[in-house]
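Data first, discussion second: the structure below is written as structure tokens.
Residue numbers (the working numbering): 63 to 230.
Shown next as structure tokens:
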């Protein structure tokens, strides 16, 4: 007999940047600044990501397109992979993601793609603690999620490969 699985996701909807903490504002502004160096000549969709680490360090990334479309990379993954190259063991406190069209500074409501959600979830699993997420909402709103898992509740992870309860 089939049963229903209900998934509950909590998103705090902040009316504006004024409701962010000082640390969140720092990361949010760095994500917006990171859109400046995005390379998106085909889509003109500029995305910036900023990782706030536990020690207060911020690592940024931005989307990098390529004429051979699969060869580009999203802002979230450039930030995460770059952080891992220089600070592999420092926990990530939050990731802020900002997006806009080229030639305008009106930030758009957008969420990470499926591939980025998967990678972000694995980073959260690796560090063993939640990574908060900040996203542009409607108008001046900002969405705050307490965990990456709220973006990808039915995740494919290590246990998916090894089997539940399996040892490495």
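For each residue, glycine too, the CB sits at the ideal point set by N, CA and C.
- For the pair residue 163 and residue 122, the CB atoms are not nearer than the 7 Å cut-off.
- By the C-beta density criterion, residue 102 is buried, having at least 16 other C-beta atoms within 10 angstroms.
- In this structure, DSSP gives residue 212 a helical state, which the three-state scheme calls helix.
- Bounds of any beta strand (DSSP E) do not take in residue 81, whose DSSP letter is neither H nor E.
- Within the DSSP bridge table, the entry for residue 163 names 107 as partners.
- Excluding five sequence positions before and after residue 218, the CB atoms of its chain that fall closer than 7 Å to its own CB belong to 180, given in chain order.
- Taken atom to atom, the span from the alpha-carbon of residue 193 to that of residue 208 is near 7 Å.
- Residue 220 counts as exposed, since fewer than 16 other C-beta atoms from the protein chains shown sit within 10 angstroms of its C-beta.
- Looking at the backbone, the Cα of residue 126 and that of residue 200 are separated by about 25 Å.
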